[in-house]
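Colleague:
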Amino acid sequence: MSEKDVINCTISHEIHQYVFSCVYILVLLVGVPSNLYSLYHAVLQLKQRNELGVYLLNLTVSDLLYLASLPLWLQYIFQGDDWRHREWLCQLCGFLLYENIYISIGFLCCISLDRYLAVVHPLRFNALRSMKAAWLASAIVWIKEIAVGVVFFRHKELSTDRTNQSVCFEHYPMRPWEYDINYYRFIVGFLFPLAILLISYLCVLRAVGRSAGTQPDQKTRIRQLVSSTILIFLVCFSPYHIFLLVRTLLERDCAFIEGIFNYYHLSLMLTTLNCVADPALYCFVSESARRGLYRAVVRPILVDVDLELVGDLKSTAG
């Protein structure tokens, strides 16, 4: 590798070994079955001609593609942050990581805008809430994010640290070309969607509160759906973009990098949790999804609790 590809700062990767490995394993164990379950219910929504099913299907596909890369990231972590595969595979895994972030954000915006049109303008924009419009919007999200990702990832993504290990997708200090990319991610990939989500959220809540014709249970589901999109966005994506901006504005020397490294990587780890959180959106769209979740998760827990109570009562009586 050239001199430009050498990491000049001394970085401790212990946080990867102890925290990331546990979280990634948990995300795989929960995320894969829950997203496959979501995929099934997305197909059911499509059969019912529900345009929300289109957005949820695409959200699930994006999550599953990223989950497919997690075993390679786990191997990287278990090998002490030493990438032993080819560089193109490092680029592909990084591509899937960032594509999942911004494609997920794109479809969260689509879901919020769809609910905004359905609740605030139920009769004016039916054409924008058709299946055809949903597929077109989904294609635009995918094409735009893939095109941006291809442009961004023209650069080398393997670096060598001071122990001569190959580090994937980590540049310390940042390269000159990364600054513009980071500003784009923060403004276009974060602030603009945040504005869309917040405006849609407030308008939907106001319209639902004023609606006399909407049933109380429908109002509750609508509020839960739009609130969940906001919550997923804020918890999973806000910390990363805040620390991304801090790095971009203030990173000048190794002392700063060493101080912010753990916080920055923890915020990046939070983006992975959206693969577990996204399937919860189905519970606010599909009655069958809620019933299935109850049968698979809630009812067994209640049965276990009842059995424990019966056992306690018997032991007390004895």
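Using our numbering, read the sequence shown as starting at 61 and increasing by one per residue.
No residue lacks a Cβ here, since even glycine has one placed at the ideal position from N, Cα and C.
(1) Report the CB separation of residue 81 from residue 339 in whole angstroms; it is logged as a contact under 8 Å.
(2) In angstroms with no decimal places, state the Cα-to-Cα distance between residue 323 and residue 76.
(3) Among the residues of its own chain, which have a CB less than 7 Å from the CB of residue 136, if the five just before and after it don't count?
(4) Using DSSP bridges, identify the partner residues of residue 218.
(5) Below 9 Å between beta carbons: does that hold for residue 254 and residue 298?
(6) Confirm, please, whether the CB-CB distance from residue 243 to residue 331 is below 9 Å.
(7) Considering only their Cβ atoms, is the gap separating residue 164 from residue 296 smaller than 9 Å?
(8) Residues in the same chain with beta-carbon distance under 6 Å from residue 128, minus the five sequence neighbours each way, listed in chain order, please.
(9) Give the straight-line distance between the Cα atoms of residue 83 and residue 121, rounded to the nearest whole angstrom.
(10) DSSP on residue 145, reduced to helix/strand/coil?
(11) Might you give, ordered along the chain, the residues of its own chain that have their beta carbon closer than 7 Å to the beta carbon of residue 78, omitting 5 neighbours on each side?
(12) Pairs of beta-carbons, one from the segment 256 to 263 and one from the segment 171 to 188, closer than 8 Å: are there three or more?
(13) Counting Cβ pairs closer than 8 Å, one from the segment 97 to 107 and one from the segment 138 to 154, do we hit at least three?
(14) Taking the alpha carbon of residue 131 as the reference point, which residue from 88, 158, 301, 319 has its own alpha carbon closest?
(15) Using 8 Å as the cut-off, can you tell me whether the segment 190 to 198 makes contact with the segment 153 to 160, which would need three or more C-beta pairs spanning the two stretches below that distance?
Modeller: Walking through what the data contain:
(1) The pair is not a contact, with the Cβ atoms about 23 Å apart (cut-off 8 Å).
(2) 12 Å
(3) 143, 228
(4) 228
(5) yes
(6) no
(7) yes
(8) none
(9) 21 Å
(10) coil
(11) none
(12) yes
(13) no
(14) 88
(15) no
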